[in-house]
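Residue numbers (our numbering), protein chains in the order written: chain A, 1 to 319; chain B, 320 to 472.
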Ligand SMILES: [Zn+2]
C-alpha cells in the first residue's frame, strides 16, 4: 500500500467501511455516505493503473438467487476496474426453488471462495440473514421488495454530482412505489438530508406506509405527475410493471399517465435532471435521451465509481 | 382481607395472575398453553378493580409459572401481575414486562419475509419501543403493531 492511499483519511480517522456488511442504507450515517462520495470522486480521478492496485488479489463472489444482469454487471465492472477478480452463481427464482437450495448452505460455500460477497435474493430480510452466516463482508444487491442500498448510494451520488449538493432540493419519485425496492432505500437515504420529497404514483402502486413510519421528514403524495413536475429538481422515474395489474387495460391506462416524453420536457425546470435505475420499459421515451437533463446513463457511470469506491473501502483498512 | 380477595379462595401453592384486562382470562389461559393437567384452576371474570375498573383473575394451583412464560402476557394483558404463592405466602410478585425480543414465539406478519420461508432460521422480533408497544422483525425490518400479531397468541 503506498503513501498516497493513506492520505485520504485524516490521521486519527478509521475507515468506517472496512470489513463492513452493507445491508441497509439506514446502517450508514450521512457523514459516512459523504465520505464514500468523496472517495468515489477520488477514484473517478485516478489513472487506470493507480485504480487497479486497490483490490489486487481480492475476489468478489456474487450469489444471485434472482436474476439481474445489470446489477451483477455493475459489480463485476467495478471490481475488475480496481484490480480484483469475480466469480459467482446465478440462479433463477424457479430453479433455486426446485433444487431447494438454501441461503445458508450457498453462503457457507461461497464464503470459502471469496473475500467479499454480493447477494441478491427474492425474500425480504435475506441479506441480513446471509450476513450472519458469512464471515466475509456481504453487500445486499437487493433483498426481496425491501432494500437495495447500493442503488440508493449511487442515486445520491448522482444527485450530488449533477446538482452540486443534495440539501435544499425538491425530489419527485415517480411510478411504482409499492414494489420497487430501490425506492425504499432511496427514501431512507434522502431522509438523512434536508430535501422535500414528492411521491407520485397511481393509487394502486402507492408507497407501503408501514415501511416509512420512521422517517424524520414528511413526504408528499400525489397521483398526478402534472401537479408537481414543473417544481421538481430531480425527477426519479421507476418502471411500472404489467404483472402488478389485474388486467391489461388498467395497466395501459395507468402506465400512460407516468411517461416522460419530449412534450413533458417543456414543463420541467431547465436545470432539473431525470433519473432512472434502469432497465426502462417505455416510461422514458428514447426521444428524451439527448436532452441534457436526461441523467440516467451518467447515473450508470457514477454507479461504477460508487461501487468501486465501496468495494475498495470495504477491502482496504487503510486507503 | 379486601372484598375482592374474598371472591376466590386462597391457594396454598401455585400462581395467581391478577389485573388481567376484563374479559381476557380465557385467552390468557390459552396463550400460556395451560391444558388440563389436573390442577385446580380458578377463573374470576369482571371482578371490580380500583386500578382497571374491572379485571379478571386466574389462580393456578400447584404450578409456578416462569417469567419467560408470563412475558407473553405483556402483549395480551400488559397490566397483569404475577404472584407466586408458596404455602399461602406470596414468595414472588412481578409485573409482566415486554422482553427485549421474542425468539420463535411470534411470526413476522410479512409473508415475503425470510423467516416465513423454508430456510433454517429463527424468527426474531425485537421490541423497539416498549412504551408504544411496537415490534420490528430483525430480518425484514417490518414494524409490527402488537394488535397485528395478537391473533397468533
Ligand atoms: Zn420479517
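Ideal Cβ positions, reconstructed from N, Cα and C, are used throughout, including at glycine. Computed from a predicted structure; not experimentally measured.
Among the options, the one whose alpha carbon lies nearest that of residue i
i: residue 457 (chain B); options: B:435, B:470 and B:398; result: B:435
i: residue 376 (chain B); options: B:383, B:384 and B:364; result: B:364
i: residue 195 (chain A); options: A:259, A:219 and A:203; result: A:219
i: residue 273 (chain A); options: A:261, A:234 and A:247; result: A:234
i: residue 139 (chain A); options: A:119, A:153, A:154 and A:126; result: A:119
i: residue 383 (chain B); options: B:462, B:347, B:334 and B:470; result: B:334
i: residue 269 (chain A); options: A:231, A:188 and A:171; result: A:231
i: residue 113 (chain A); options: A:134, A:128, A:225 and A:142; result: A:134
i: residue 191 (chain A); options: A:167, A:175, A:122 and A:244; result: A:167
i: residue 291 (chain A); options: A:271, A:278, A:310 and A:306; result: A:271
i: residue 129 (chain A); options: B:448, B:460 and B:447; result: B:460
i: residue 88 (chain A); options: A:45, A:310, A:144 and A:106; result: A:106
i: residue 393 (chain B); options: B:432, B:332, B:408 and B:446; result: B:446
i: residue 109 (chain A); options: A:20, A:310 and A:61; result: A:61
i: residue 185 (chain A); options: A:16, A:20, A:221 and A:26; result: A:26
Cβ-heavy atom distance, residue i to ligand 1, below 8 angstroms
i: residue 458 (chain B); result: yes
i: residue 434 (chain B); result: yes
i: residue 198 (chain A); result: no
i: residue 453 (chain B); result: no
i: residue 208 (chain A); result: no
i: residue 124 (chain A); result: yes
i: residue 382 (chain B); result: no
i: residue 429 (chain B); result: yes
i: residue 38 (chain A); result: no
i: residue 461 (chain B); result: yes
Collapsed DSSP secondary structure at residue i in the structure displayed
i: residue 203 (chain A); result: helix
i: residue 227 (chain A); result: helix
i: residue 321 (chain A); result: This structure gives no information on residue 321 (chain A), because the portion of chain A shown stretches from 1 to 319.
i: residue 322 (chain B); result: For residue 322 (chain B), the pLDDT reaches just 49, beneath the cut-off of 50, and the residue's location in the model is therefore unreliable, although a value from the coordinates is still provided. Here residue 322 (chain B) sits in helix by DSSP.
i: residue 26 (chain A); result: helix
i: residue 183 (chain A); result: helix
i: residue 16 (chain A); result: coil
i: residue 295 (chain A); result: coil
i: residue 88 (chain A); result: strand
i: residue 405 (chain B); result: strand
i: residue 328 (chain B); result: coil
i: residue 140 (chain A); result: strand
i: residue 288 (chain A); result: helix
i: residue 146 (chain A); result: coil
i: residue 221 (chain A); result: strand
i: residue 352 (chain B); result: coil
i: residue 400 (chain B); result: strand
i: residue 98 (chain A); result: In this prediction, residue 98 (chain A) has a pLDDT of 48, which is less than 50 and means its spatial position is unreliable; nothing more can be read from the coordinates.
i: residue 37 (chain A); result: helix
i: residue 463 (chain B); result: strand
i: residue 303 (chain A); result: helix
i: residue 197 (chain A); result: strand
i: residue 259 (chain A); result: coil
i: residue 170 (chain A); result: strand
i: residue 162 (chain A); result: helix
i: residue 346 (chain B); result: helix
i: residue 1 (chain A); result: Reliability fails at residue 1 (chain A), whose pLDDT of 42 lies under 50, so the model's placement of it is uncertain and the value that follows must be treated cautiously. In the structure shown, residue 1 (chain A) sits in coil (DSSP, three-state: anything other than H, G, I, E or B).
i: residue 320 (chain A); result: With chain A covering only 1 through 319, there is no way to say anything about residue 320 (chain A).
i: residue 468 (chain B); result: helix
Run of the beta strand (DSSP E) containing residue i, from where it starts to where it stops
i: residue 372 (chain B); result: 372-380
i: residue 64 (chain A); result: 59-64
i: residue 412 (chain B); result: 408-414
i: residue 361 (chain B); result: 360-368
i: residue 113 (chain A); result: Not the beta strand (DSSP E): residue 113 (chain A) falls in the alpha helix (DSSP H), residues 103-113.
i: residue 119 (chain A); result: 116-121
i: residue 275 (chain A); result: 273-275
i: residue 455 (chain B); result: 453-456
i: residue 420 (chain B); result: 420-422
i: residue 444 (chain B); result: 443-448
Check: residue i C-beta below 8 angstroms from any heavy atom of ligand 2
i: residue 423 (chain B); result: Ligand 2 is not part of this structure, which contains only ligand 1.
Limits of the alpha helix (DSSP H) - the one that residue i falls within
i: residue 240 (chain A); result: That residue, residue 240 (chain A), is in no alpha helix (DSSP H); it is neither H nor E in DSSP.
i: residue 333 (chain B); result: Unbroken run through residue 333 (chain B) is the beta strand (DSSP E), 333-340; no alpha helix (DSSP H).
i: residue 264 (chain A); result: 262-265
i: residue 426 (chain B); result: Looking at the DSSP string, residue 426 (chain B) is not in any alpha helix (DSSP H), and its letter there is neither H nor E.
i: residue 79 (chain A); result: 69-81
i: residue 54 (chain A); result: Where residue 54 (chain A) is concerned, there is no enclosing alpha helix (DSSP H), given that its DSSP letter is neither H nor E.
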